[in-house]
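Participant:
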Amino acid sequence: MRWINGSVLIIAALVATIGALAFPVWSYADRSGTGQANLDAATVATQWGPLSATDRDFLVKVRLAGLWELPAGQQAIERAPSKAIRDAGDHLVVGHTDLDQRVRDVSARLGVELPNQPNEQQQGWLRELSAASGQEYERKFANLLRNAHGKVFALVAQVRHTTRNSLVRQLATDANQTVLDHITMLEQTGLVDFDALANEAAGAATASPTGPPPPGGGLPPAPSPAVPSGDDQSFTSRPSTQPGPPTAVNTDRPPAGGHGEGGTAP
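Under UniProt numbering, the first residue of the sequence shown carries the number 1, and numbering increases by one thereafter.
(1) Just confirm the distance between the C-beta atoms of Arg-146 and Val-192, as a whole number of angstroms; I'd bet it's less than 8 Å.
(2) If you scan the stretch 49 to 105 from start to end, which runs of the alpha helix (DSSP H) of 4 or more residues do you find wholly inside it?
(3) Using beta-carbon positions only, say whether Pro-50 and Arg-169 come within less than 8 Å of one another.
(4) Name the one or two DSSP bridge partners that Val-44 has.
(5) In angstroms with no decimal places, state the Cα-to-Cα distance between Ser-141 and Thr-54.
(6) So, does the stretch 195 to 205 touch the stretch 87 to 97, judging by three or more C-beta pairs under 8 Å?
(7) Give a yes or no on contact between the stretch 56 to 72 and the stretch 104 to 113, applying the rule of three or more CB pairs nearer than 8 Å.
(8) Please state the DSSP three-state secondary structure of Ser-166.
(9) Alpha carbon to alpha carbon, how far is Gln-47 from His-149? Give it in angstroms, no decimals.
(10) Assess contact between the stretch 73 to 81 and the stretch 131 to 141, defined as three or more Cβ pairs (one per stretch) separated by less than 8 Å. Is contact present?
(11) Considering Cα atoms alone, identify which of Leu-155, Ser-133, Thr-162 and Val-62 is closest to Glu-113.
(12) Sorted by chain position, which residues of the same chain lie with C-beta nearer than 6 Å to Ala-132's C-beta, five sequence neighbours on each side aside?
(13) Of all the options Leu-144, Ala-80, Asn-176 and Ile-85, which has the alpha carbon lying nearest to the alpha carbon of Val-156?
(14) So, are the CB atoms of Ala-88 and Thr-178 less than 8 Å apart?
(15) For Ala-72 versus Leu-129, is the C-beta spacing smaller than 8 Å?
(16) Sort Gln-101, Pro-214 and Gly-35 by Cα distance to Leu-67 and report the nearest one.
(17) Compare the Cα-Cα distances from Glu-69 to each of Val-159, Pro-81, Gly-124 and Gly-35 and report the closest residue.
(18) Pick helix, strand or coil for Thr-210, following the three-state DSSP scheme.
(19) Mind checking which residues open and close the alpha helix (DSSP H) that includes Asp-195?
(20) Look at Val-159 and Ala-65 and say whether their C-beta atoms are less than 8 Å apart.
(21) If you draw a straight line from the C-alpha of Thr-162 to the C-alpha of Ser-82, how long is it?
(22) Give me the Cβ distance between Leu-167 and Val-103, rounded to the nearest whole Å; I'm assuming they're in contact under 8 Å.
(23) Taking the alpha carbon of Pro-115 as the reference point, which residue from Leu-99, Val-60, Gly-134 and Gln-122 has its own alpha carbon closest?
(24) Using the C-alpha atoms, what's the distance from Met-185 back to Arg-86?
(25) Are Ala-41 and Ser-52 closer than 8 Å when you measure CB to CB?
(26) Does Ala-154 pass the burial test, meaning 16 or more other C-beta atoms within 10 Å, or should it be called exposed?
Structure below.
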């Protein structure tokens, strides 16, 4: 009898210990301050699905984008010396006219209040464009708009991936196509400073990148210093004056452009 009672006590103690250890893990998802709790607290129900804080932020930012990029596009059509910039401006006007109407319709149905004027930073960009002229204007236009579109593009992808609201999901799909079209047109001007975009993203990164080492096991070459041009910085780099390493020539390969292994792809 004593042996049975002792076994029962041991088993009860083990069950109590396992329960005490498992309870924090089981209840953690419902604790205040967790990601799940924050998501639930900031989400409201609609007939088209839950509407999160990220969804609402997306609607506001799409509206803000149109409030400054639409007049910027109109200005480019009127002022830009080159056809490439005027074409990019035309795409901005057409794309944001349609997208702005869509975001206002969706926001009205979801009860989300939208701004009616650009924010202070965007107004500063418009003033900066208005004060520039000639090639300086075209460089500023291409890079200010390309940088802004890239940041909105990242938010569009996040919302399209995570939203549970069907209206927001469809708007994100439409916005994805519009923003990508604008990015493509801005890049086709040949004036986008990709080094500046990469450096800004690297400065904002909070984690070290991972991936395979550089080809050959060596370190990548350091970027060339920028060359100032007038009162502003040029978007070109100083050409390197150091000769590169000799390149071995393989005389057994067919000439480039041929139909052998050394030919280039069409």
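Heads up, the beta-carbon is just placed ideally off N, CA and C, and yes, glycines get one too.
Facilitator: Quick look at the numbers:
(1) 5 Å
(2) Assignment of alpha helix (DSSP H) within the stretch 49 to 105, counting only whole runs of 4 or more residues, yields 53 to 79 in chain order.
(3) no
(4) Leu-51
(5) Residue identity differs from the one stated: residue 141 is Phe in this sequence, not Ser. Cα-Cα distance, rounded: 29 Å.
(6) Too few Cβ pairs lie closer than 8 Å, so no.
(7) yes
(8) helix
(9) 31 Å
(10) yes
(11) Val-62
(12) Around Ala-132: Lys-140.
(13) Measuring from the Cα of Val-156, the nearest candidate turns out to be Asn-176.
(14) no
(15) Yes. Within cutoff.
(16) The residue with the shortest Cα to Cα distance from Leu-67 is Gln-101.
(17) Gly-124
(18) coil
(19) From DSSP, the alpha helix (DSSP H) with Asp-195 extends over 194 to 204.
(20) no
(21) When rounded, the distance between both Cα atoms is 40 Å.
(22) Going by Cβ atoms, the distance from Leu-167 to Val-103 rounds to 10 Å, so no, they are not a contact pair.
(23) Val-60
(24) Rounded to whole angstroms, Arg-86 to Met-185 spans 10 Å at the Cα level.
(25) no
(26) It is exposed - the Cβ of Ala-154 has fewer than 16 other Cβ atoms within 10 Å.
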